[in-house]
Amino acid sequence: MERKISFQQSINEALSQEMERDSRIVLMGEDVAGGCGGDGKMDAWGGVLGVTKGLWDKFGDRVIDTPISESAFIGAAFGASLSGLRPVVELMFVDFMGVCFDQIFNQGAKFRYMFGGRAVTPVVIRTMIGAGLRAAAQHSQCLYPMFTHIPGLKCVVPSTPYDAKGLLIQAIRDDDPVVFFEHKLLYPILGDVPEEPYTIPFGEAVCVREGDDVTIVAIARMVHVALQAAARLAEDGVDCEIIDPRTISPLDEDTILESVEKTGRLVLVDEASPRCNMATDIAAMVAQKGFEFLRAPVRMVTPPHTPVPFSDVLEDLYIPDAAKVIAAVNELVSSAKWKASASTR
Amino acid sequence: MESLRIHALTMPKWGLSMTKGQISSWLVDEGSEVGPGIEIVDIETEKVTSGLEPGQAGILRRKTAAAGAEIPVGGLIGIVADPSVTDTEIESFVAEFCSRSIAIPESEQSAGPVPQQVDIGGLRLRYLAQGAGGPPAILLHGFGGDLNNWLFNHGELAGNRVVYALDIPGHGGSSRLSGIRDLSGFADAVAAFMDALNISSAHLGGHSMGGAIALQLALTHPDRVRSLALIASAGLGTEIDGEYIEGFISSSRRKELKPFLDRLFANSSLVSKQLIDDVLKFKRIDGSGAYLQLIADCFWPSGRQACVLRDRLSTLRMPVLAVWGSEDRIIPATHAQGLPEHVEAHIIPESGHMVQMEAAGKLNRILQRFWSRAEN
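Below is the structure:
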């Protein structure tokens, strides 16, 4: 049975149902139980934004508060996975990941490969991404492209409560390390989510809006920005198709290429910094595998190449919004130049 | 106030989630003679495209919505009227209609019936009730479906009676049976549903596997079944598309599943993205695949129907109807032939297994006539 719950509740429910199903699953992270040094009984925090609230009550010692030492507890999670546990570890903000790159990039991601498939590391790292919470340069980044770069890591960027639950359960059941990126502005959004556990396979994009004029590939919160833009563009008779890759490693190239084949135009909306992000990666993929489909240049809508500003005004300017997406789409669909080349196709 | 001489053709509400529809294409020109049974415009919804028939005969005098236009449910699409009606009368009717519909707040427009659930001995059953009065009718969908399979039928059939569309156990919002040995577990659940809602007897309509369940109930509880409508029903012969059953169960991704869903329709372009997504959502729930496999192993082992009740049709005393789409690729339409004499049989041309969607208007009229005859 479906009912409406929030993105945040859907993550909590996925964790709870999986921990119920499999006693090897443990939860680790800063303040995921009662706060470091406490006995957990208060269950006051449930992580910095309360996503794991209530799980300590249900699962007790399997919800483990860690010290503020990311390299130690991420390393511990990979070690625990080698010994047969299936840790889900919360690393508050992706911005802090730098202190434990060795554990993730050079240890966890490499074990299965270097031990000839005889070692598996079923670890899920949950982490928050994204600007918009007035949290300044060190708590607002979208660093998922860095993880996508590493072979051996799977990267998940859900945009809806339904996808968040199904993809998190899939991540927990996967035998490889998965980094699960949660955009903090998505936590309160509501959506239809089945009560029962379910999975969504990795590497399957979803078409969230069908259209014929232009393909917009958008990631995480940017899917909602693209939907706003598409609703306004529709009033002017421009019909956008929106593709949400859902997982960026593996990436569903076919669905993107099929859509571009239909529309002939591509706009990429990515909240990550503009160099070496998912927009550039997907643009390069389409240029290599679908150049003949394009009737106009590819456009990218991204933030500028600066740290996320602390000033409210500047932060709002920094984040891609519907107006920027509309401008990019309009440039492709209404420019006489591209129209001319389209008519000669 | 709608005058009897002027009939407003409006955007129908096909299914719970539909708030608007798009005019896909007009099938007739202004000035054509139209009426019930003639599809005059194709309408595209999120789920599927279907033809709309006018509720009243006359001349299509106006197309008020062009191809490509998106119209809210209840919005005006066209005008069907008698030739004696003047153009001026039509203009003023359109003007009045439009001024009225602007006044309706959006919240009221989208309000519709909501599925409910009932607990019967630990089994949760979800159902949707529409209409009022009696005698009631109950619709049972097929394998892998849910109550939304009746989206083009439910509202129409509920014009003069209460019609329940039920999610059969383990489908939609209904919980699973703990074990599956034969059809009686499903039939008993339907009987218990009727008990819970104080329905002493009802017209029973079943599609595919739902037909076999309805037939089983008619055999074991004949007093509860006022009439029996078997639509592309299982249980009337051994043939079934085993590849479809296997593919439906094993496909986990959109691209794998689509070719199998295509087999459900004569015109596979009717299979929309939304329809595929809905099926995937159901199949991805933990245990769905195993449950579907359990059903398939019990009823259709090695690509044949194991449970054939055809011989027992002649023992039934209530009116029985069999309807098939001629292009059914799942269960052949030949199963509608050679049935006992008291069974009314129809084969609808150019329709596939999902005949209730593909030929909704025709099937609705057949069912309404059948039910009212069964009551006299």
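Line order of the protein sequences matches chains A and B. Under the numbering used here, the first residue of the first sequence carries the number 15, and numbering increases by one thereafter. Under the numbering used here, the first residue of the second sequence carries the number 229, and numbering increases by one thereafter. Ideal Cβ placement from N, Cα and C applies to all residues, glycine included.
Spatial neighbours of residue i in its chain, beta-carbon cut-off 7 Å, leaving aside the 5 residues before and after
{"i": "Lys241 of chain B", "result": "Val301, Gly340, Gly383"}
{"i": "Gly398 of chain B", "result": "Arg404, Leu405, Tyr519"}
{"i": "Asp188 of chain A", "result": "Pro136, Lys168"}
{"i": "Cys290 of chain A", "result": "Pro159"}
Residues near residue i by beta carbon distance below 6 Å, same chain, minus five either side
{"i": "Glu336 of chain B", "result": "Any reading at Glu336 of chain B is ruled out, since the residue's pLDDT is 49, under 50, leaving its predicted position unreliable."}
{"i": "Asp109 of chain A", "result": "Gln152, His153, Gln155"}
{"i": "Arg538 of chain B", "result": "Leu464"}
{"i": "Lys483 of chain B", "result": "none"}
{"i": "Glu569 of chain B", "result": "none"}
{"i": "Ala293 of chain A", "result": "Leu282, Asp284, Met314, Thr316"}
Neighbour flag for residue i against chain A, beta carbons, 8 Å
{"i": "Ile513 of chain B", "result": "yes"}
{"i": "Arg354 of chain B", "result": "yes"}
{"i": "Lys590 of chain B", "result": "no"}
{"i": "Lys248 of chain B", "result": "no"}
{"i": "Ser335 of chain B", "result": "With a pLDDT of 49 at Ser335 of chain B, under the threshold of 50, the modelled position of that residue is not reliable, and the figure given next carries that caveat. It does not: the Cβ of Ser335 of chain B has no partner Cβ on chain A nearer than 8 Å."}
Beta-carbon proximity of residue i to residue j, cut-off 8 Å
{"i": "Ser479 of chain B", "j": "Phe493 of chain B", "result": "no"}
{"i": "Ala424 of chain B", "j": "Gly434 of chain B", "result": "no"}
{"i": "Ile251 of chain B", "j": "Val269 of chain B", "result": "yes"}
{"i": "Arg235 of chain A", "j": "Ser173 of chain A", "result": "yes"}
{"i": "Leu445 of chain B", "j": "Ala393 of chain B", "result": "no"}
{"i": "Ile256 of chain A", "j": "Ala219 of chain A", "result": "no"}
{"i": "Gly43 of chain A", "j": "Leu105 of chain A", "result": "yes"}
{"i": "Glu267 of chain B", "j": "Leu255 of chain B", "result": "yes"}
{"i": "Ile164 of chain A", "j": "Ala133 of chain A", "result": "no"}
{"i": "Asp206 of chain A", "j": "Glu16 of chain A", "result": "yes"}
{"i": "Pro363 of chain B", "j": "Glu578 of chain B", "result": "no"}
{"i": "Tyr201 of chain A", "j": "Arg512 of chain B", "result": "no"}
{"i": "Val312 of chain A", "j": "Val252 of chain A", "result": "no"}
{"i": "His40 of chain A", "j": "Pro101 of chain A", "result": "Position check: residue 40 of chain A holds Val in this sequence, whereas His was assumed. Yes, they are a contact pair."}
Residue i: CB within 7 Å of a non-hydrogen atom of the ligand ADP
{"i": "Ala564 of chain B", "result": "Annotation note on the ligand ADP: not contained in the displayed structure, which lists no ligands."}
Residue i at chain B interface by Cβ criterion, 8 Å
{"i": "Glu27 of chain A", "result": "no"}
{"i": "Glu218 of chain A", "result": "yes"}
{"i": "Pro211 of chain A", "result": "yes"}
{"i": "Pro410 of chain A", "result": "Missing from the structure shown is residue 410 of chain A; chain A here goes from 15 to 359 and no further."}
{"i": "Ser30 of chain A", "result": "no"}
{"i": "Ile19 of chain A", "result": "no"}
{"i": "Ile82 of chain A", "result": "no"}
{"i": "Ile296 of chain A", "result": "no"}
{"i": "Ile214 of chain A", "result": "yes"}
{"i": "Met160 of chain A", "result": "no"}
{"i": "Met15 of chain A", "result": "yes"}
Rounded straight-line distance, which links the Cα of residue j to that of residue i
{"i": "Val300 of chain A", "j": "Gly400 of chain B", "result": "38 Å"}
{"i": "Arg359 of chain A", "j": "Leu308 of chain A", "result": "The predicted position of Arg359 of chain A is uncertain, since its pLDDT is 47 and thus under 50; no value can be drawn from it."}
{"i": "His369 of chain B", "j": "Met585 of chain B", "result": "12 Å"}
{"i": "Val551 of chain B", "j": "Leu458 of chain B", "result": "6 Å"}
{"i": "Leu567 of chain B", "j": "Ser461 of chain B", "result": "13 Å"}
{"i": "Ile143 of chain A", "j": "Gly60 of chain A", "result": "18 Å"}
{"i": "Val222 of chain A", "j": "Asp190 of chain A", "result": "28 Å"}
{"i": "Gly620 of chain B", "j": "Cys326 of chain B", "result": "No information on residue 620 of chain B is available, as it lies outside the stretch 229 to 604 that chain B covers here."}
{"i": "Val138 of chain A", "j": "Pro529 of chain B", "result": "40 Å"}
{"i": "Ala564 of chain B", "j": "Cys535 of chain B", "result": "16 Å"}
{"i": "His574 of chain B", "j": "Phe598 of chain B", "result": "11 Å"}
{"i": "Ala588 of chain B", "j": "Asn381 of chain B", "result": "6 Å"}
{"i": "Val322 of chain A", "j": "Arg148 of chain A", "result": "9 Å"}
{"i": "Leu447 of chain B", "j": "Leu271 of chain A", "result": "54 Å"}
{"i": "Gly74 of chain A", "j": "Phe87 of chain A", "result": "18 Å"}
Closer than 8 Å to chain E by CB, residue i
{"i": "Met33 of chain A", "result": "Among the protein chains in the structure shown, which are A and B, there is no chain E."}
Cut-off 8 Å between Cβ atoms - residues of its own chain near residue i, not counting five sequence neighbours on either side
{"i": "Gly98 of chain A", "result": "Arg38"}
{"i": "Val313 of chain B", "result": "Arg233, Ile234, Arg289"}
{"i": "Lys338 of chain A", "result": "Val315"}
{"i": "Glu196 of chain A", "result": "Phe21, Ile25, Val65, Arg140, Thr141, Met142, Ile143, Pro172, Ala178"}
- If contact means a Cβ-Cβ distance below 9 Å, which residues of the segment 474 to 493 of chain B contact chain A? Against chain A - using a Cβ distance shorter than 9 Å - the residues of the segment 474 to 493 of chain B are Ser480, Arg481, Arg482, Lys483.
### Query
Between the segment 220 to 250 of chain A and chain B, which residues of the former have a C-beta closer than 7 Å to a C-beta of the latter?
Residues of the segment 220 to 250 of chain A with a C-beta atom less than 7 Å from some C-beta of chain B are Cys221, Glu224, listed in chain order.
If contact means a Cβ-Cβ distance below 8 Å, which residues of the segment 395 to 419 of chain B contact chain A? Per Cβ criterion, the list reads Gly401.
**OP:** Check each residue of the segment 163 to 193 of chain A: if its Cβ is closer than 7 Å to any Cβ of chain B, include it; give the result in chain order.
**Re:** If you check each beta-carbon in the segment 163 to 193 of chain A against every beta-carbon of chain B, the ones closer than 7 Å belong to Gly180.
Closer than 8 Å between beta carbons: that is the criterion. Which residues of the segment 493 to 511 of chain B meet it against chain A? Residues of the segment 493 to 511 of chain B with a C-beta atom less than 8 Å from some C-beta of chain A are Lys501, Asp505, Lys509, listed in chain order.
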